[in-house]
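Residue numbers (the working numbering), protein chains in the order written: chain A, 128 to 241; chain B, 210 to 323. Built from N, CA and C at the ideal position, the CB exists for glycine as well. Inspection log for the structure reproduced underneath, given as structure tokens.
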Amino acid sequence: GAVVSQHPSRVICKSGTSVKIECRSLDFQATTMFWYRQFPKQSLMLMATSNEGSKATYEQGVEKDKFLINHASLTLSTLTVTSAHPEDSSFYICSVPGRGDGYTFGSGTRLTVV
Amino acid sequence: GENVEQHPSTLSVQEGDSAVIKCTYSDSASNYFPWYKQELGKGPQLIIDIRSNVGEKKDQRIAVTLNKTAKHFSLHITETQPEDSAVYFCAASISTGGGNKLTFGTGTQLKVEL
Chain A
128 GAVVSQHPSR VICKSGTSVK IECRSLDFQA TTMFWYRQFP KQSLMLMATS
178 NEGSKATYEQ GVEKDKFLIN HASLTLSTLT VTSAHPEDSS FYICSVPGRG
228 DGYTFGSGTR LTVV
Chain B
210 GENVEQHPST LSVQEGDSAV IKCTYSDSAS NYFPWYKQEL GKGPQLIIDI
260 RSNVGEKKDQ RIAVTLNKTA KHFSLHITET QPEDSAVYFC AASISTGGGN
310 KLTFGTGTQL KVEL
């Protein structure tokens with residue numbers, strides 16, 4: 128599978144501010160990346176599919192204006208949580224499809240909005 | 210869309226015993242079934258996967274079985290060790306060589322007791 132780097136691992140921000148999370152594919156050019164959100168003791172829920180050079184595809188119920196996704200290159204996708212609120216506090220994880228069927232996940236970002 | 214159910218939600222075994230986690234899926238078109246291990250505060254890591262043209266796959270102490278007719282697949286861990294303690298997720302995908310989204314099960318908290 129691909130080698131994936133996700134940053135930051137933890138971030139605390141004030142309510143109303145924006146936070147950017149980066150997901151890098153270090154050894155594989157990915158035209159598609161995925162962003163997930165995971166609440167404590169729950170499963171991973173797909174938020175959106177990041178498409179290189181075009182608009183992201185959002186899952187039902189995910190606000191595209193709140194969760195901005197940019198996939199400007201084949202190795203980098205970013206997720207920006209805009210005007211963050213305490214209910215946005217969660218564990219955000221990116222995923223990169225590799226060669227064949229495999230998917231590699233980033234190490235996750237713990238976002239805490241205070 | 211695809212729906213994946215996973216059981217049990219928690220599983221406690223004695224060290225050295227076997228552990229079995231079961232999943233069912235709804236979409237008969239799904240053809241790729243990975244299993245992930247997630248430790249606290251980390252991203253999921255692929256431990257084994259199986260494609261629909263195979264009924265069973267084994268990698269040392271870990272094995273996965275697939276019953277396409279019944280649309281269920283299972284993870285088997287033998288000779289469990291304390292370091293196997295983690296949350297395990299099954300997933301299903303319609304694979305066309307990468308870029309297809311995964312649907313996750315609800316997770317199983319495995320605890321291996323000394």
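Taking just the CA atoms, how far does residue j sit from residue i?
i      : j      : result
B:F298 : B:K280 : 17 angstroms
B:D258 : A:M160 : 20 angstroms
B:G252 : B:T278 : 32 angstroms
A:Q165 : B:D236 : 23 angstroms
A:Y185 : A:I220 : 15 angstroms
A:E179 : B:S304 : 19 angstroms
B:P291 : B:Q223 : 9 angstroms
A:S136 : B:S218 : 27 angstroms
Along the chain, where does the beta strand (DSSP E) that runs through residue i open and close?
i      : result
A:H134 : V131 to H134
A:R164 : T159 to Q165
A:T236 : T236 to V240
B:H216 : V213 to H216
B:E337 : Nothing about residue 337 of chain B can be reported from this structure: the residues present for chain B run from 210 to 323 only.
B:E322 : T317 to E322
B:N240 : Unbroken run through B:N240: none, as it is neither H nor E.
B:H285 : H281 to I286
A:E149 : V146 to S152
B:D268 : E265 to D268
Along chain E, in chain order, which residues have C-beta atoms closer than 7 angstroms to that of residue i?
i      : result
A:F161 : The question asks about chain E, but that chain is absent: this structure's protein chains are A and B.
Alpha carbons only, please: which of the options is nearest the one belonging to residue i?
i      : options                           : result
A:L206 : A:A129, A:T239 and A:S177         : A:S177
A:T231 : A:A183, A:R237, A:G180 and A:W162 : A:W162
B:L323 : B:A295, B:R260 and B:G225         : B:G225
A:E214 : A:S132, A:P135, A:V131 and A:S142 : A:S142
B:T312 : B:S227, B:V229 and B:A238         : B:A238
Please return the same chain residues whose Cβ sits closer than 7 angstroms to the Cβ of residue i, not counting the five positions on each side in sequence.
i      : result
B:G264 : T274 and L275
Whose C-beta lies closer than 6 angstroms to the C-beta of residue i among residues of the same chain, with five residues either side of it excluded?
i      : result
B:N212 : S235
With a threshold of 8 angstroms (Cβ to nearest heavy atom), would residue i be considered close to the ligand ADP?
i      : result
B:N309 : As for the ligand ADP, it is missing from this structure, which has no ligand bound.
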